[in-house]
Amino acid sequence: MQSEITREFIDQIEDAIERRDAAFILSNMEEMYAVDITTVLYELNTEQSKYVMDILPTTVGAEILSDLDTDVRTNFLKNFTVEEIARYIAEMDSDDAVDVLNEQTVQRKEEIIAQLEDREHVAYITDLLHYDEDCAGGLMAKELIKVNINWRVGQCIDEIRRQAEAVEKVYAIYVVDDRDKLVGRLSMKTLILCGDDTPISKVYDPDVISIESFKEDKEVAAVMQKYDLEAIPVVNIQGRLLGRITIDDVLDVIQEQAELSRQLMTGITESIEEDDSVIRLSRARLPWLMVGMVGGLLGARFIGLFEGDISVIPALAMFTPLITATGGNVGIQSSSIIIQTLANKTVLFDNFTSRIVKVLLVAVINGLVMSGLVMGFNVLFGVEVTLSLVVAVALFSVVLLASFMGTVTPMILDKYGVNPAVAAGPFITTANDLLGLAVYFLVAHLLLQL
Numbered sequence: 084m085q086s087e088i089t090r091e092f093i094d095q096i097e098d099a100i101e102r103r104d105a106a107f108i109l110s111n112m113e114e115m116y117a118v119d120i121t122t123v124l125y126e127l128n129t130e131q132s133k134y135v136m137d138i139l140p141t142t143v144g145a146e147i148l149s150d151l152d153t154d155v156r157t158n159f160l161k162n163f164t165v166e167e168i169a170r171y172i173a174e175m176d177s178d179d180a181v182d183v184l185n186e187q188t189v190q191r192k193e194e195i196i197a198q199l200e201d202r203e204h205v206a207y208i209t210d211l212l213h214y215d216e217d218c219a220g221g222l223m224a225k226e227l228i229k230v231n232i233n234w235r236v237g238q239c240i241d242e243i244r245r246q247a248e249a250v251e252k253v254y255a256i257y258v259v260d261d262r263d264k265l266v267g268r269l270s271m272k273t274l275i276l277c278g279d280d281t282p283i284s285k286v287y288d289p290d291v292i293s294i295e296s297f298k299e300d301k302e303v304a305a306v307m308q309k310y311d312l313e314a315i316p317v318v319n320i321q322g323r324l325l326g327r328i329t330i331d332d333v334l335d336v337i338q339e340q341a342e343l344s345r346q347l348m349t350g351i352t353e354s355i356e357e358d359d360s361v362i363r364l365s366r367a368r369l370p371w372l373m374v375g376m377v378g379g380l381l382g383a384r385f386i387g388l389f390e391g392d393i394s395v396i397p398a399l400a401m402f403t404p405l406i407t408a409t410g411g412n413v414g415i416q417s418s419s420i421i422i423q424t425l426a427n428k429t430v431l432f433d434n435f436t437s438r439i440v441k442v443l444l445v446a447v448i449n450g451l452v453m454s455g456l457v458m459g460f461n462v463l464f465g466v467e468v469t470l471s472l473v474v475a476v477a478l479f480s481v482v483l484l485a486s487f488m489g490t491v492t493p494m495i496l497d498k499y500g501v502n503p504a505v506a507a508g509p510f511i512t513t514a515n516d517l518l519g520l521a522v523y524f525l526v527a528h529l530l531l532q533l
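For the sequence shown, the working numbering assigns the number 84 to the initial residue and increments by one for each residue that follows.
Shown next as structure tokens:
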């Protein structure tokens with residue numbers, strides 16, 4: 084059942100662990116989902132978590148290990164023997180088992196595999212160990228339901244009953260030929276409605292979406308999102324059915340991509356977690372902070388070039404934050420929209436010219452409204468008309484320029500294979516601060532000369 088994890092419940096579990104009251108722990112956790120138990124374990128220390136794992140059923144423990152973050156799981160499993168890990172591996176799907184094994188040393192990995200008794204499960208695991216973790220082959224599980232196109236429905240049902248023992252969730256029944264080449268899929272509805280003597284070749288659906296084992300995980304996620312798939316079969320270059328990728332594995336990929344993009348947009352140069360070392364956290368955050376600092380120094384030097392104009396009208400400096408903040412905000416908005424579109428591979432871009440025209444038209448409307456409001460505000464509060472005009476014209480120009488930069492930069496980076504998320508955050512903000520200051524003081528200098 085779904086559980087609400089409270090501090091009081093955690094305290095009760097900790098007290099039960101101290102008393103070695105296994106009965107209390109089991110009675111409180113036997114109906115909990117594995118993911119909720121995982122949440123509890125995150126609140127316990129290693130020794131306490133190990134005690135809980137030891138008394139839980141092995142199937143539940145296998146689910147918990149599959150849910151743990153990679154770094155946490157790697158450190159946690161150092162406290163388990165090879166035999167204990169092997170028991171959990173035996174209860175996992177092949178893809179989850181390979182994830183756990185790849186986190187172990189070579190020797191420990193081989194010792195764990197040697198403890199497994201199910202030869203078919205070992206064969207699945209050994210096969211998957213050859214694939215990189217960031218490709219379709221590394222994401223897939225070998226457990227699936229497949230039937231031969233030459234069979235009849237009755238034989239197919241018997242085979243499904245046999246294969247389903249190893250498959251936790253049956254999303255689809257895949258149809259293969261005598262060479263194990265994927266030729267289509269069979270729906271459960273069709274299977275139930277047909278008679279036992281009906282040939283599979285007469286009722287299967289040849290329209291099946293699959294993906295090659297060498298494709299990148301990002302492409303797998305894009306295909307499954309585009310076609311709204313719960314599972315997708317994986318084939319080799321010859322079209323032979325190798326395994327399947329389920330939606331839960333793809334959700335992990337999507338989450339990782341979102342986290343990476345978010346970190347890049349905020350100026351973090353590598354994937355980090357809150358509990359990483361101080362050195363790694365500093366190393367990930369410092370580069371873009373340095374870029375921002377250099378941008379600030381350049382901005383200060385640039386303002387110095389117009390020291391004469393500022394000395395004539397000191398109020399010019401008062402509106403500098405308005406110009407830089409607006410340019411940064413407009414740039415971030417524009418780049419975020421483009422990055423979202425680039426991330427959705429099902430959306431096809433219009434031609435470059437029409438997109439830029441559309442961006443500029445939106446920028447013109449926003450610029451006119453904002454500059455008009457600023458002009459009215461300044462005049463209303465007694466700011467000189469000349470200075471009000473300078474600020475309004477500069478603000479309008481900055482909105483146009485920032486919109487253009489925020490749109491074009493991610494598109495160019497994507498074209499050359501660079502993650503467009505790096506264009507957002509510090510990069511766009513720093514660049515637009517400098518451009519905004521340049522436009523502002525150049526407009527002021529030109530208008531003041533009139």
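Glycine included, each C-beta is placed from N, C-alpha and C at the ideal position. Small disclaimer: the values here were computed from a predicted structure and weren't measured.
Can you give the Cα-Cα distance for M401 and A408, rounded to whole angstroms?
-> If you number the sequence shown from 1, residue 401 lands on position 318. If you number the sequence shown from 1, residue 408 lands on position 325. Their Cα atoms are separated by approximately 13 Å.
Residue from E339, D290, E174 whose Cα sits closest to the Cα of I256 = Working through the sequence shown from its first residue, we reach residue 256 at position 173. Out of E339, D290, E174, D290 has the C-alpha closest to the C-alpha of I256.
Given Y134 as reference, the closest of I421, V377, I362, A99 once Cα atoms are compared | One-based indexing of the sequence shown puts residue 134 at position 51. Checked all of I421, V377, I362, A99; the closest Cα to Y134 is A99.
Under a Cβ-count criterion, where at least 16 other Cβ atoms within 10 Å of its own Cβ denotes burial, should M376 be classed as buried or exposed?
-> Residue mapping note: residue 376 aligns to position 293 of the sequence shown, counting from 1. Burial call: exposed.
State the DSSP-derived secondary structure class of K225, mapped to helix, strand or coil.
-> Residue mapping note: residue 225 aligns to position 142 of the sequence shown, counting from 1. The answer is coil: DSSP assigns K225 none of H, G, I, E or B.
Over what stretch of residues does the alpha helix (DSSP H) that includes T209 continue unbroken?
-> For the purposes of this step, residue 209 is taken as the residue at position 126 of the sequence shown. Start and end: 202 to 211.
Going by CA-CA distance only, name the one from D260, A224, T129, V481 that's closest to D331.
-> Along the sequence shown, read from residue 1 onward, the residue named residue 331 stands at position 248. Nearest C-alpha to D331: A224.
Residue range of the alpha helix (DSSP H) that includes A173 | In the sequence shown, the residue the question calls residue 173 occupies position 90. Looking at the DSSP string, the run of the alpha helix (DSSP H) that includes A173 is 165 to 174.
For the beta strand (DSSP E) containing R268, list its first residue and its last residue.
-> Here the question's residue 268 lines up with position 185 in the sequence shown. R268 -> beta strand (DSSP E) spans 265 to 269.
Is the distance from the Cβ of A398 to the Cβ of A446 below 9 Å?
-> Reading the sequence shown from its first residue, position 315 is the one you call residue 398. Reading the sequence shown from its first residue, position 363 is the one you call residue 446. Their beta carbons are not under 9 Å apart, which means A398 does not touch A446 by this criterion.
How many angstroms separate the CA atom of R327 from the CA atom of E226?
-> Taking the sequence shown and counting its residues from 1, one reaches residue 327 at position 244. Taking the sequence shown and counting its residues from 1, one reaches residue 226 at position 143. Spanning the two alpha carbons is a distance of roughly 8 Å.
May I ask which residues mark the beginning and end of the alpha helix (DSSP H) holding A304?
-> Position 221 of the sequence shown, counted from the start, is the residue given in the question as residue 304. Note, A304: alpha helix (DSSP H), 300 to 310.
Three-state secondary structure assigned by DSSP to Y257 | Taking the sequence shown and counting its residues from 1, one reaches residue 257 at position 174. DSSP places Y257 in strand when its eight states are reduced to three.
Please classify G410: does DSSP put it in a helix, a strand, or coil?
-> The residue you call residue 410 lines up with position 327 of the sequence shown. Residue state, collapsed to three classes: helix.
Do T281 and R235 have their CB atoms nearer than 9 Å?
-> Sequence index remark: in the sequence shown, residue 281 carries index 198 (1-based). Sequence index remark: in the sequence shown, residue 235 carries index 152 (1-based). Cβ atoms of T281 and R235: closer than 9 Å.
For the region 203 to 219 against the region 292 to 308, are there 3 or more C-beta pairs whose distance is under 8 Å?
-> yes
From I420 to L483, what does the alpha carbon distance come to, in whole angstroms?
-> The residue given as residue 420 occupies position 337 in the sequence shown. The residue given as residue 483 occupies position 400 in the sequence shown. Approximately 16 Å between the Cα atoms of the pair.
Ignore the nearest five residues each way along the sequence and tell me which others in T129's own chain have a CB closer than 7 Å to its CB.
-> To locate residue 129, count along the sequence shown from 1; it is residue 46. Counting only Cβ-Cβ distances below 7 Å, and skipping sequence neighbours, we find F159, N162.
How far does the beta strand (DSSP E) with G326 in it reach, from first residue to last?
-> Numbered from its first residue, the sequence shown carries residue 326 at position 243. 324 to 329 is the extent of the beta strand (DSSP E) around G326.
Could you check the C-alpha separation between E101 and T121 for me, to the nearest Å?
-> To locate residue 101, count along the sequence shown from 1; it is residue 18. To locate residue 121, count along the sequence shown from 1; it is residue 38. Distance between the alpha carbons of E101 and T121: 19 Å.
Which term fits G278, buried or exposed, when burial requires 16 or more other beta carbons within 10 angstroms of its beta carbon?
-> Looking up residue 278 in the sequence shown gives position 195. Exposed is the call here.
Would you mind reading off the limits of the beta strand (DSSP E) that contains A400?
-> Counting from one through the sequence shown, the residue named residue 400 turns up at place 317. Taken as a continuous stretch (DSSP letters only), A400 belongs to no beta strand (DSSP E), as it is neither H nor E.
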